[in-house]
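Here is the structure we will look at, set down as structure tokens.
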Amino acid sequence: MAKIAYVNGGFSLQSEAVINIEDRGLQFGDAVYEVWSFKNYKLLDEEGHFTRLQRSLDELGIDYQVNPVSMKIVIKELIRKNRVRDGMVYLQISRGTAPRDHKFPDDVMPNVIFTVKPLNFVALENKAQKGITITFMPDNRWGRVDIKTTNLLANVLAKQNALDNGFDDVWFFDNDGFITEGTSNNAWIIDKDDNLITRALSNEILAGITRKSVLAAAAQLGLNIVERKFTVEEAINAKEAFITSATQFVMPVVKMEQNTISGGKMGLVASKLRTQYLQNNM
């Protein structure tokens, strides 16, 4: 079946969708994006993503007001046209099209793109049961990763380097040796005293919407939550570890470089959190 996209107010075949080559998202990465998963046509954590989208736009000074009501109408129709029951929605908003110049253009209209693709929830669950492996790299990204921009080249290079070396993903670490986050996810550990630890929000990590929901799920389960920095060494010696993201939910980490975590399988806490998160959002 042909894929359908939404671009600047209209639906078209994805293969025929057009954006001007002077789009600032293309030429400068001057754009933001959001991703929603949906199950049985229902968007997960929908309001949190709309709120973060507006914040990202505001931080970049892109003149666009998010209207969740109208956007949900577009998303619903896009899902219907693509005949996808379970999947993910990708939204990108650039500053707009203008002759290439570093300064912000005057009187420019943002370019808005929506696409949809299916997600196999059975395969995701099988992946969660197996877990993922990670390696570590210095964090060489720009200093405002709290803004969800399309400037992802450092993330892409890190992810590919991990895959080339037999790992599923990377956890970045800062100049002091503390873990920041993964290439497209937040990082978590369970220490030997069963504390649930994740780095506190700052400009050094993205404020994950799934992260927020998992913190709520952890509180429901009565877990002791500690939002603080943790080192590579702490991660390697953790009782459990996992990542969170909008498309992977709670995904266990079972190996860090050559170190096995949680006996090489999903840990009890990660399993409970994954179940609770899915129950809360589906």
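Under the numbering used here, the first residue of the sequence shown carries the number 1, and numbering increases by one thereafter. For each residue, glycine too, the CB sits at the ideal point set by N, CA and C.
DSSP-derived helix/strand/coil call for residue i
{"i": "Lys103", "result": "coil"}
{"i": "Lys117", "result": "strand"}
{"i": "Asp169", "result": "strand"}
{"i": "Glu255", "result": "This sequence places Lys at residue 255; Glu is not what is there. Three-state DSSP puts Lys255 in a strand."}
{"i": "Asn161", "result": "helix"}
{"i": "Glu204", "result": "coil"}
{"i": "Gln54", "result": "helix"}
{"i": "Leu283", "result": "Nothing about residue 283 can be read from this structure; the chain reaches only from 1 to 282."}
Cβ-Cβ distance between residue i and residue j below 7 Å
{"i": "Thr247", "j": "Met88", "result": "yes"}
{"i": "Ile147", "j": "Gly48", "result": "no"}
{"i": "Met256", "j": "Ile236", "result": "yes"}
{"i": "Met266", "j": "Ile132", "result": "no"}
{"i": "Ile134", "j": "Asp86", "result": "no"}
{"i": "Ile205", "j": "Leu196", "result": "no"}
{"i": "Leu273", "j": "Ala217", "result": "yes"}
{"i": "Asp30", "j": "Arg100", "result": "no"}
{"i": "Lys229", "j": "Phe173", "result": "no"}
{"i": "Phe136", "j": "Val232", "result": "yes"}
{"i": "Thr180", "j": "Asn155", "result": "no"}
{"i": "Ile19", "j": "Phe11", "result": "no"}
{"i": "Glu234", "j": "Ser262", "result": "no"}
{"i": "Val69", "j": "Gln54", "result": "no"}
{"i": "Asn151", "j": "Ser245", "result": "no"}
{"i": "Tyr6", "j": "Val74", "result": "yes"}
{"i": "Ile93", "j": "Val116", "result": "no"}
{"i": "Thr149", "j": "Val32", "result": "yes"}
{"i": "Glu34", "j": "Leu91", "result": "yes"}
The alpha helix (DSSP H) enclosing residue i, as first and last residue numbers
{"i": "Asn126", "result": "121-130"}
{"i": "Met71", "result": "68-82"}
{"i": "Val232", "result": "232-236"}
{"i": "Leu268", "result": "268-281"}
beta-carbon residue i near the ligand MN non-hydrogen atom, thresh 6 Å
{"i": "Val7", "result": "Only the bare structure without any ligand can be found here, which leaves the ligand MN out of the picture."}
Per DSSP, the bridge partner or partners of residue i
{"i": "Ala5", "result": "Ser12"}
{"i": "Phe38", "result": "Leu43, Gly87"}
{"i": "Thr97", "result": "Asp23"}
{"i": "Asn186", "result": "Thr244"}
{"i": "Val156", "result": "According to DSSP, Val156 bridges with nothing at all."}
{"i": "Pro138", "result": "Phe173"}
{"i": "Thr149", "result": "Val32"}
{"i": "Gln92", "result": "Tyr33, Ile113"}
{"i": "Val18", "result": "According to DSSP, Val18 bridges with nothing at all."}
{"i": "Val250", "result": "Thr244"}
{"i": "Thr133", "result": "Lys255"}
{"i": "Ile179", "result": "Phe173"}
Residue i burial status per 10 Å Cβ neighbour count (16 or more: buried)
{"i": "Arg24", "result": "buried"}
{"i": "Tyr41", "result": "exposed"}
{"i": "Ile243", "result": "buried"}
{"i": "Trp171", "result": "buried"}
{"i": "Leu221", "result": "exposed"}
{"i": "Pro138", "result": "exposed"}
{"i": "Arg83", "result": "exposed"}
{"i": "Arg211", "result": "buried"}
{"i": "Asn111", "result": "buried"}
{"i": "Val145", "result": "buried"}
{"i": "Ser56", "result": "buried"}
{"i": "Trp36", "result": "buried"}
{"i": "Val122", "result": "exposed"}
{"i": "Thr260", "result": "exposed"}
{"i": "Leu44", "result": "buried"}
{"i": "Ala128", "result": "buried"}
{"i": "Ile113", "result": "buried"}
{"i": "Ser213", "result": "buried"}
Span of the beta strand (DSSP E) around residue i
{"i": "Lys212", "result": "First-last for Lys212: 209-220, but that is the alpha helix (DSSP H), not the beta strand (DSSP E)."}
{"i": "Ala241", "result": "240-245"}
{"i": "Thr370", "result": "Shown here, the chain extends from 1 to 282; a query on residue 370 therefore has no answer."}
{"i": "Ile225", "result": "224-227"}
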